[in-house]
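Colleague: Take a look at this one; I'll ask things after.
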Amino acid sequence: MDREQHDRFSVLLHWLMAALLIAQLGLGLWMIELPKDNTGARAWWFNVHKSMGMLLGMLILLRVCWAVVRPRVVPLDMPRGKQLLACGSHRLMYVLMLVAPLSGFLGSVFSPYPIRFFGARLPRLAEPWEGAKEVLSVVHLWAVYSLLFLVALHLIAFVHHQFILKDNLIRRMR
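In the working numbering, the protein residues as written are 435 to 608.
See below:
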């Protein structure tokens with residue numbers, strides 16, 4: 435394997451998760467404004483969001499496991515401070531990609547509504563507990579907004595590398 439490039443599976447996971455994460459973030463921001471009525475539209479979109487969140491949670495677990503066992507890619511040649519910043523922001527992104535779906539799932543566990551995974555009703559894991567649901571909702575919201583910030587920073591770093599430094603960083607992710 436070329437140690438300058440990520441392996442195909444890592445690249446596939448990166449781009450698949452990027453697309454799903456952007457869709458999930460957009461859906462989440464849009465659906466919270468949906469009115470509560472008896473059409474069921476809000477519940478349907480929340481179930482889609484929860485299903486995608488569980489899928490993303492499973493994918494990030496797979497990605498973390500793969501990151502542990504796969505061969506390492508040689509870091510970019512840049513100052514130590516920038517390397518530490520890049521490494522730290524990537525690790526924090528991984529943590530937030532775990533915390534966001536986990537807090538969302540656990541918040542749903544403690545809500546009175548059933549959890550569905552792409553239509554399949556999951557067994558109830560706990561009795562409704564409003565206090566826990568509220569705390570987990572706050573954790574979920576903070577994790578999501580923090581993740582949005584880091585995704586924006588990630589994109590800015592890409593633009594900086596690609597168009598200002600012109601170090602062709604994108605070739606590592608093909």
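Beta carbons are placed, not taken as given, at the ideal position from N, Cα and C, and that holds for glycine.
(1) So the alpha helix (DSSP H) glycine 553 belongs to, where does it begin and stop?
(2) Quick one: which unbroken alpha helix (DSSP H) runs of 4-plus residues sit fully inside the stretch 564-606? Chain order, please.
(3) Given that a residue counts as buried once 16 or more other Cβ atoms are within 10 Å of its Cβ, and exposed if not, what is isoleucine 590?
(4) So what does DSSP say about leucine 510, is it helix, strand or coil?
(5) DSSP three-state call for asparagine 481: helix, strand or coil?
(6) Span of the alpha helix (DSSP H) holding serine 444?
(7) When burial is assigned at 16 or more other CB atoms within 10 Å of the CB, is lysine 484 buried or exposed?
(8) Skipping 5 residues on each side, what residues in its chain have a beta carbon closer than 6 Å to that of leucine 489?
(9) Does DSSP put leucine 559 in a helix, a strand or coil?
(10) To the nearest angstrom, how far is it from the Cα of isoleucine 466 to the Cα of valine 578?
(11) Which of the three DSSP states is assigned to serine 537 in this structure?
Modeller: From the atom records:
(1) Mapped onto the sequence shown, residue 553 falls at position 119. Neither: glycine 553 is in no alpha helix (DSSP H) and is coded neither H nor E.
(2) 564-593
(3) Counting from one through the sequence shown, the residue named residue 590 turns up at place 156. By the neighbour-count rule (16 or more Cβ atoms within 10 Å), isoleucine 590 is not buried but exposed.
(4) Numbered from 1 along the sequence shown, position 76 holds the residue referred to as residue 510. DSSP places leucine 510 in coil when its eight states are reduced to three.
(5) Indexing the sequence shown from 1 puts residue 481 at position 47. Of the three classes helix, strand and coil, the one that applies to asparagine 481 here is helix, per DSSP.
(6) Residue mapping note: residue 444 aligns to position 10 of the sequence shown, counting from 1. 442-465 is the extent of the alpha helix (DSSP H) around serine 444.
(7) Position 50 of the sequence shown holds residue 484. The residue in question, lysine 484, is buried, as its Cβ has 16 or more Cβ neighbours within 10 Å.
(8) Taking the first residue of the sequence shown as position 1, residue 489 is located at position 55. Excluding residues within five positions, none has a Cβ falling inside 6 Å.
(9) Residue numbering aside, residue 559 sits at position 125 when the sequence shown is read from its first letter. Coil, per DSSP.
(10) As a first step, residue 466 is located in the sequence shown; it is residue number 32 there, counting from the start. As a first step, residue 578 is located in the sequence shown; it is residue number 144 there, counting from the start. Going from the Cα of isoleucine 466 to the Cα of valine 578 covers about 13 Å.
(11) Walking along the sequence shown from the start, residue 537 turns up at place 103. Looking at serine 537 - three-state DSSP - the assignment turns out to be helix.
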